[in-house]
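No gaps in the numbering here: position 275 of the sequence shown is 275 in the UniProt record's numbering, and each next residue is one more. Backbone N, C-alpha and C fix where the C-beta goes; we use that ideal spot for every residue, glycine too.
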Amino acid sequence: MEAQVLYDFPAEPGNNELSVQEGEILTVTNQNVGGGWVEARNSRGNVGLVPEDYIEVKNTLIICFVFDFTSLYRGVNGNEAWTATTWSNNNPADNWNSAEQEPAGNSGSVYSFDEEWDDDSDDGKSTVGYGGSQMEEGGTMQRGGGHSTMKISLNKFPGFSKTPNPEVYLLTKSIAKGNDKLPIYAGEVGPVWLYPQIQLDCVVADPKKGSKMYGLKSYIEYQITPNTTNRPVNHRYKHFDWLYERLVEKFACALPIPCLPDKQVTGRFEEEFIQMRMERLQGWMSRMCRHPVISNSDVFQLFLNYRDEKEWKLGKRKTEKDEIVGVKIFSTIDPELPELDPGQVEQKYEMYSQFTRSMDNSVKELLAVGHLHWKRCTGPLQKEYRQIGKAFQNLSSVFNTSAYPRESTLTEALSATGKTYEEIAELVAGQPKKDLHFLMETNNEYKGLLGCFPDTVAVHKAAIDKVKEADHLVTMNKVSQQDKHIMEKNLSTMSYALQAEMNHFHSNRIYDYNRLMQFYLEEQVKFYETIAEKLKKALGQYTTI
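Take a look at the structure:
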């Protein structure tokens, strides 16, 4: 596929980017890189990343001859065909994973507006347990299995598809007014967002299996009830996915948006998986509700509070046409604080960047250790305690064959001790679900959240570098002194946004980990007290000689 370059783009060294010039013809080799970037090859054979907004794909007529298997599966009305998919003899509903197209007149769907949406493009990445894919490295801005092998640098994520460069904001002279304005105030810990008087929260519950396409396409629907209205709304996973994409597009330059639980092809209707997904969706929604900017945004309020199909459609279309996305979100931020000089801004950036990297490493370490401990509890440790119990019982059986008249008290005590250790084996195997599970879940949430920070803080790094160039640009008469001052002022605004976000992050982190460790240690105390009681009971059966 050929494309013409619309604007000059100088590549950054070491980031797999490709320098291009206006008017140059490129061959697009990969359109699925993501984040507003494509992979392309120039006439000299060099391959690299180019912003998709900097090129224009030439129109090419492609004629495809496709055998239409869908004619084998006609709708009830006789003239509408369903989208072809891979068929399963065991459970056809599980394998209808392509885009949904309902036959005309189909009333089987809970939401008649579902046909506007692409269906779940499940990637088959399992989310059961804490091993495998969850422990892998990779950028969290691209949820699922498709990670590019090429390094995506700086601000290469969905929010930049419309506004790929920080200059879009740095040279902005006006800020948003009224409801669009996001104020930042001086709090006890530094700059803070404006928090609502009543904390928004919601409950994700009551998963139900629904179907459409006359029962051939099944899905799970969750009920979400916000505390502000106590009126439930129903959403499928793909609706959560749509919300996530809108939040990333609008806020990801300023706010790290953690990924949703991964999609899954097989086992989607198994009770264990449904409960696990519901638990993780609850955690994700609770975190979004606690954020003062996200929870008050139009798209999030629409998701929680729409009343009917018409309101949903109108709100969805309005949200998808929102122009204040990417770095433009900074134009809505209004810090009621003195302007910072670029040196202070860079100092804050370095501090936050270092902290988030260090915490990310520590969280991954804890997840790895927890994963190994879980495996030991349900494997070697359980087996060892069973073997100890069996050994005591075998010894009791041997003693019982001595025919010595005073043997029974000891053999009975030994046998009871063996059974006690077998009971302890089951306690050890079951304990991770009672305490380690929640430790792992919370750290998985923070792993996803921390994985978003490199892209978010990189926006600030790019802006800092641009402001550093301002003096040179002034001498080159490319910008004026007034433009330079505007850039420095806007950089200060970006820094206040980062500080407010980090203060929000730290506040939540302290709350989450304090509550988490209290719960974990309480469960550990109960666990060891139960074992101690069992051992004391076994001890009491031995006579003192």
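- Approximately 6 Å separates the beta-carbon atoms of residue 415 and residue 393; this is inside 8 Å, confirming the contact.
- For residue 48, the uninterrupted beta strand (DSSP E) run begins and ends at 47-51, by DSSP.
- For residue 280, there is no enclosing beta strand (DSSP E); the enclosing alpha helix (DSSP H) covers residues 271-290.
- DSSP places residue 6 outside both helix and strand once states are collapsed to three, so it counts as coil.
- Secondary structure note for residue 254: it is in no alpha helix (DSSP H), with a DSSP letter that is neither H nor E.
- DSSP places residue 338 outside both helix and strand once states are collapsed to three, so it counts as coil.
- In this structure, the CA atom of residue 262 is about 16 Å from the CA atom of residue 443.
- Here residue 19 carries a coil assignment [DSSP, helix/strand/coil].
- Within the segment 447-519, the complete alpha helix (DSSP H) segments of 4 residues or longer fall at 470-475, listed in chain order.
- In the displayed model, residue 323 falls within coil according to three-state DSSP, outside both helix and strand.
- Residue environment analysis places residue 287 among the buried positions, since at least 16 neighbouring C-beta atoms fall within 10 angstroms of its C-beta.
- For a cut-off of 8 Å, the C-beta gap from residue 224 to residue 259 is around 18 Å, too long to register as a contact.
- In terms of Cα proximity to residue 410, the closest of 200, 540, 493 is 540.
- Leaving aside the five residues that flank residue 516 on each side, the residues in its chain whose CB is nearer than 7 Å to its CB run, in chain order, 438, 439, 442.
- Rounded to the nearest whole angstrom, the CA to CA distance from residue 301 to residue 269 is 29 Å.
- Between the C-alpha atoms of residue 319 and residue 326 there is a straight-line separation of about 14 Å.
- Within the same chain, Cβ atoms closer than 7 Å to the Cβ of residue 434 are found at 523, the five residues on either side in sequence being excluded.
- Close CB contacts of residue 189 within its chain, under the 8 Å cut and outside five residues either way in sequence, are with 503, 506, 507 (chain order).
- Restricting attention to 495, 52, 226, the CA atom closest to the CA of residue 331 is found in 495.
- Taking the CA atoms as reference points, residue 55 sits about 45 Å from residue 512.
- Between the alpha carbons of residue 374 and residue 5 lies a gap of roughly 53 Å.
- Proximity of the segment 348-363 to the segment 452-460 meets the contact definition, three or more beta-carbon pairs being nearer than 8 Å.
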